[in-house]
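If you're matching them up, the sequences are chains A and B in order. Numbering that gives the first Met the number 0 puts the first residue of the first sequence at 0, with every later residue one more than the last. Numbering that gives the first Met the number 0 puts the first residue of the second sequence at 0, with every later residue one more than the last. Every residue gets a Cβ at the ideal spot worked out from N, C-alpha and C, and that includes glycine. Encoded as structure tokens, the structure appears first; notes follow it.
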Amino acid sequence: MNLNRFAVAVVVAGGLLWATARAQGPEQPPASTAPHRQPGEPWSPLDQLERLRQMNPDQRERLLERLPPERRANIEKHLRNYMSLTPEQRAHLREQYETFRELPPDKQEAFRRLFGRFLNQPPERQELMREEFQRLRHMTPDQRLERLNSSEFHYRFQPNERDIIWRMVELLP
Amino acid sequence: MRCPIEAGNEKTLMVALTAGTLTPAEQEALERHIDECAECRRLADEQKAVWSALDAWTVPTVSEDFDRKLHARIAVEARRPWWKREWDSLLHGRFSWKPVLPVAAACVALFGVFLVHNPVSLGTSRTAPAAVIQTQDAQKVDVDQVERALDDIDMLNQLDAPVTTPHGSPAGS
């Protein structure tokens with residue numbers, strides 16, 4: 000076999016393979032947004048959420064079209080909110096979510112129930128409770144205990160509100 | 000003498016007879032048999048006719064510088080790049096599939112190397128076309144899990160949202 004011819008053939012074939020590989024592109028979402036996942040590992044809820052976020056409208060429509068209207072509206076509303084966040088905000092929320100997901104399922108459920116009670120409070124009280132919750136989460140355990148036993152905390156919040164805040168911080172410090 | 004047709008060596012013997020390469024004894028025996036065997040006589044006559052025709056054929060005269068011209072043309076052809084020769088062959092309908100073989104062999108070899116370095120699983124192909132990705136997306140995205148994740152993320156986002164109300168409102172105010 001003519002060596003020149005074989006060399007050209009190898010170069011041409013290599014070029015074709017390279018072009019094919021480039022055209023196929025990566026399947027994984029961009030590294031900046033994709034959660035780390037080992038090959039073969041099941042898709043975590045965050046992986047799936049990221050995949051849903053990256054779908055085009057037609058793909059998303061096909062996925063959601065069979066859902067009851069209320070569920071579909073709920074998903075679309077929350078997804079819109081999620082997609083409206085900046086990449087940094089999404090990354091921060093994903094971290095929060097990962098922490099939440101590390102809780103045992105019964106504690107996750109207890110936290111959701113507490114959040115339901117939180118939502119039943121008037122909006123202005125929700126603001127105060129949210130502020131207190133955030134402040135407590137940034138404290139050390141000793142500081143937190145001191146704050147929860149302080150007269151100011153008791154002065155600012157009713158027993159029901161204190162109970163919600165206390166339990167939420169206990170579950171998700 | 001045994002009939003050459005029955006012995007299966009009639010062609011060899013007839014050619015040898017016409018060429019005069021048999022020994023005198025063999026030739027005499029064969030000629031005696033031919034006088035008695037009509038089928039062998041026919042074969043011998045056909046063979047003599049062929050040789051007579053060949054003897055009558057006159058070879059066209061070759062010009063004196065034929066060899067020189069031929070060698071000069073071969074040398075010119077050998078100096079041309081191989082791809083030009085192939086291209087001319089293609090243009091003049093003398094296309095040969097032979098060059099395809101080294102290309103195909105090189106493709107197969109490179110593709111093998113490519114597969115070794117980039118293992119492809121049919122279930123989680125990195126290089127699936129868009130239609131396949133859509134199907135895989137739909138399969139990988141568990142709507143229930145995504146809905147729950149979106150609900151939880153929305154919950155965490157609400158609790159993490161910036162606080163806008165003034166501080167210090169006492170409980171029950």
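Chain B contact for residue i (CB, 8 Å cutoff)
i, result
"A/P172", "no"
"A/L147", "no"
"A/H137", "no"
"A/P103", "no"
"A/Q95", "yes"
"A/R50", "yes"
"A/P68", "no"
"A/N119", "no"
"A/R143", "no"
"A/V44", "Contrary to the premise, residue 44 of chain A reads as Pro rather than Val in this sequence. Yes, its Cβ sits closer than 8 Å to a Cβ of chain B."
"A/R112", "no"
"A/R129", "yes"
Cβ of residue i within 8 Å of any chain A Cβ
i, result
"B/I190", "Residue 190 of chain B lies beyond the residue range present for chain B, which begins at 0 and ends at 172; the question has no answer from this structure."
"B/L114", "no"
"B/D159", "yes"
"B/T11", "no"
As assigned by DSSP and simplified to three states, the class of residue i
i, result
"B/L51", "Looking at the sequence itself, residue 51 of chain B is Ser, so the reference to Leu does not match. DSSP places B/S51 in helix when its eight states are reduced to three."
"B/S62", "coil"
"A/L170", "helix"
"B/A148", "helix"
"B/D141", "coil"
"A/S83", "helix"
"A/W42", "coil"
"A/F156", "coil"
"A/R89", "helix"
"A/G115", "helix"
"B/A129", "In this prediction, B/A129 scores a pLDDT of 43, lower than 50, which makes its location untrustworthy; the coordinate-derived value is nonetheless stated afterwards. In this structure, B/A129 counts as helix in the three-state DSSP scheme."
"B/R79", "coil"
"A/R65", "coil"
"B/A28", "helix"
"A/E101", "coil"
"B/G111", "helix"
"A/N73", "helix"
"A/H137", "coil"
"A/Q58", "helix"
"B/H70", "helix"
"B/W86", "helix"
"A/N148", "coil"
"B/W56", "coil"
"B/L97", "Contrary to the premise, residue 97 of chain B reads as Lys rather than Leu in this sequence. Here B/K97 sits in coil by DSSP."
"B/L1", "The amino acid occupying residue 1 of chain B in the given sequence is Arg; Leu does not appear at that position. Looking at B/R1 - three-state DSSP - the assignment turns out to be coil, as it is neither helix nor strand."
"B/A160", "coil"
"A/L127", "helix"
"A/P121", "coil"
Residue nearest to residue i in terms of C-alpha spacing, selected from the options
i, options, result
"A/L79", "A/G115, A/V10, A/P56, A/Y154", "Per the sequence shown, the amino acid found at residue 79 of chain A is Arg instead of Leu. If we check each option's Cα against that of A/R79, A/P56 comes out closest."
"B/R1", "B/L21, B/R31, B/A15, B/L16", "B/R31"
"B/E146", "A/R65, A/P41, A/R70, A/Q95", "A/R70"
"B/G7", "B/L42, B/D150, B/L89, B/F110", "B/L42"
"A/T139", "A/E130, A/R111, A/E169, A/P158", "A/E169"
"B/D54", "B/C39, B/A18, B/V107", "B/A18"
"B/K47", "B/E76, B/V58, B/A15, B/A24", "B/A15"
"A/D162", "A/A109, A/Q142, A/A90", "A/A109"
"A/E49", "B/I152, B/H70, B/V102", "B/I152"
"A/L135", "A/L92, A/R143, A/R129", "A/R143"
"A/R93", "B/H91, B/M13, B/L149, B/E85", "B/L149"
"B/K10", "B/W56, B/E35, B/R40", "B/R40"
"A/E131", "A/Q120, A/R146, A/N159, A/W42", "A/R146"
"A/H153", "A/H137, A/Q133, A/L127, A/Q58", "A/L127"
"B/K97", "B/E85, B/C106, B/V107", "B/E85"
Chain C contact for residue i (CB, 8 Å cutoff)
i, result
"A/I164", "As a matter of chain content, chain C is missing from the structure shown, whose protein chains are A and B."
Exercise for the section: Compile a chain-ordered list of the residues in the region 136-157 of chain B whose CB is closer than 9 Å to at least one CB of chain A. Expected result: D136, A137, K139, V140, D141, V142, Q144, V145, E146, R147, A148, L149, D150, D151, I152, D153, M154, L155, N156, Q157
Exercise for the section: Output, in sequence order along the chain, the residues in the region 75-86 of chain B whose CB is closer than 7 Å to any CB in chain A. Expected result: W81
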